[in-house]
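Asker: Mind the numbering: the sequence shown is residues 128 to 346 in our numbering, read in order. What follows is a structure written as structure tokens; I'll ask about it next.
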Amino acid sequence: MNFSGGETRCFWREKRKFCSKILWGRVTESAERLFNPEGLFSSGRKGEFRVSSRRGSLLSKSKDHFGSVSLQVAIPKVYRDKILALCHEGTSSHLGVMKTKDRLLKYYFWPNCIKEIEGYVRSCDPCQRMGKCKDKIKAPLKLVPIITEVFSKMNIDAVGPLPTSSKGNSYLLTAICMSSKYPDAIPVADISSVSVTDWRYLVEWVSARDSKRSGDFLH
């Protein structure tokens, strides 16, 4: 979030009014006077803080779970709701708790921000109305008949066209027995209904991807 010149000045001039006194209490008086490019920090019990020499804002030095060190801007109370909305809604597409935390804590910080993020996400009205993916109704499972006879029901598919062999075959008809799981591959000249149904032992076939020829097998 970009702040205008007047907004950035309020960070420094009225810091005790808009920013948490807890944060400013962790910065020593000497650290508040350190307006230098090196960015010296004042260490505290719960982290390291400094005052920005460019904008006069309070920065927190943090390390994420990957070990990367970054600077977080301490956000005054008047801007916290805007920051939460920016990191959770809009182009963020209503992220979950963990992703909203990662997005916000990459740039911003304030005391007890973790609890506020969790409460904001879990009380988001659009998120509550839409529900979660695990709330979707699943289609009921159906029992399938047990196949007792080997090669009575086959799953078939066709591969090709392939380079024509010496016997004039350009396709490969693959099949797997749904009872024994035995695989087989038969070279054929074409994938017409006559060539496919030429298997003398074939009783029932299942083809999921060759719907354009399903009508031919019925004749």
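A virtual CB, placed ideally from N, CA and C, is assigned to each residue, including glycine.
Out of Ser-297, Ser-306, Tyr-298, state which residue places its alpha-carbon closest to the alpha-carbon of Ser-279.
Answerer: Here the closest residue by C-alpha is Ser-306.
Asker: Measure the Cβ-Cβ separation of Phe-236 and Ala-212 and say whether it is below 8 Å.
Answerer: No, they are not a contact pair.
Asker: Taking 7 Å as the cut-off, does the CB of Arg-207 come closer than this to any heavy atom belonging to the ligand SAM?
Answerer: As far as ligands go, the structure on display features none, and thus does not contain the ligand SAM.
Asker: Hey, Leu-222 and Gln-199: beta-carbon distance below 8 Å or not?
Answerer: Taking 8 Å as the Cβ cut-off, Leu-222 and Gln-199 do not qualify as a contacting pair.
Asker: Determine, using beta carbons only, whether Thr-218 and Val-248 come nearer to each other than 8 Å.
Answerer: Not in contact: Thr-218 and Val-248 (Cβ atoms no closer than 8 Å).
Asker: Check Thr-301 in the structure and name its three-state DSSP category.
Answerer: In the structure shown, Thr-301 sits in a strand (DSSP, three-state: E or B).
Asker: Check the Cβ-Cβ distances between His-215 and every residue of chain C, and say whether any is below 8 Å.
Answerer: The chain inventory of the structure shown lacks chain C, comprising one protein chain alone.
Asker: Closer than 7 Å by C-beta to Asn-282: which residues in its own chain qualify, once you throw out the five before and the five after it? Chain order, please.
Answerer: For Asn-282, where only same-chain residues beyond five positions count, the Cβ hits under 7 Å are Ala-302, Ile-303, Met-305, Val-333.
Asker: Taking buried to mean at least 16 other C-beta atoms within 10 Å of its own C-beta, is Pro-288 buried or exposed?
Answerer: Per the 10 Å Cβ criterion, exposed.
Asker: Taking a contact to mean a Cβ-Cβ separation below 8 Å, would you say Ile-210 touches Val-224 in this structure?
Answerer: It is not a contact, given that the beta carbons lie outside the stated cut-off.
Asker: Where in the segment 186–213 do unbroken runs of the beta strand (DSSP E), each at least 3 residues long, occur, reported from the N-terminal end onward?
Answerer: Within the segment 186–213, the complete beta strand (DSSP E) runs of at least 3 residues are 196–201.
Asker: By the 10 Å Cβ neighbour count, where 16 or more other Cβ atoms means buried, how is Ser-187 classified, buried or exposed?
Answerer: With 16 or more Cβ atoms within 10 Å of its Cβ, Ser-187 is classed as buried.
Asker: Rounding to the nearest angstrom, what Cα-Cα distance links Tyr-206 and Leu-268 in this structure?
Answerer: Rounded to whole angstroms, Tyr-206 to Leu-268 spans 51 Å at the Cα level.
Asker: Compare the C-alpha of Tyr-298 against each of Gly-246, Pro-310, Ala-285 and name the closest.
Answerer: Taking only the C-alpha atoms, the option nearest Tyr-298 is Ala-285.
Asker: Could you pull the start and end residues of the alpha helix (DSSP H) that Lys-226 belongs to?
Answerer: Segment 224–232, the alpha helix (DSSP H) holding Lys-226.
Asker: Assuming Asp-252 is part of the alpha helix (DSSP H), what are its boundary residues?
Answerer: Per DSSP, Asp-252 belongs to the alpha helix (DSSP H) from 252–257.
Asker: Per DSSP, Pro-314 forms a beta bridge with which residues?
Answerer: Leu-299.
Asker: Rounded to the nearest angstrom, what separates Ser-195 and Arg-230 at their Cα positions?
Answerer: In a straight line, the C-alpha of Ser-195 is about 14 Å away from that of Arg-230.
Asker: Out of Pro-203, Asn-239, Ser-293, Ser-319, which has the shortest C-alpha to C-alpha gap to Leu-300?
Answerer: Taking only the C-alpha atoms, the option nearest Leu-300 is Ser-319.
Asker: Could you tell me the distance, in whole angstroms, from the CA atom of Ile-274 to the CA atom of Pro-310?
Answerer: Distance between the alpha carbons of Ile-274 and Pro-310 is about 16 Å.
Asker: Alpha carbon to alpha carbon, what distance is there between Glu-276 and Pro-314?
Answerer: So the two alpha carbons sit approximately 25 Å from each other.
Asker: Using 10 angstroms around the beta-carbon of Pro-203, count the other beta-carbons present and answer buried if the total reaches 16, otherwise exposed.
Answerer: Answer is buried; the Cβ neighbour count reaches 16.
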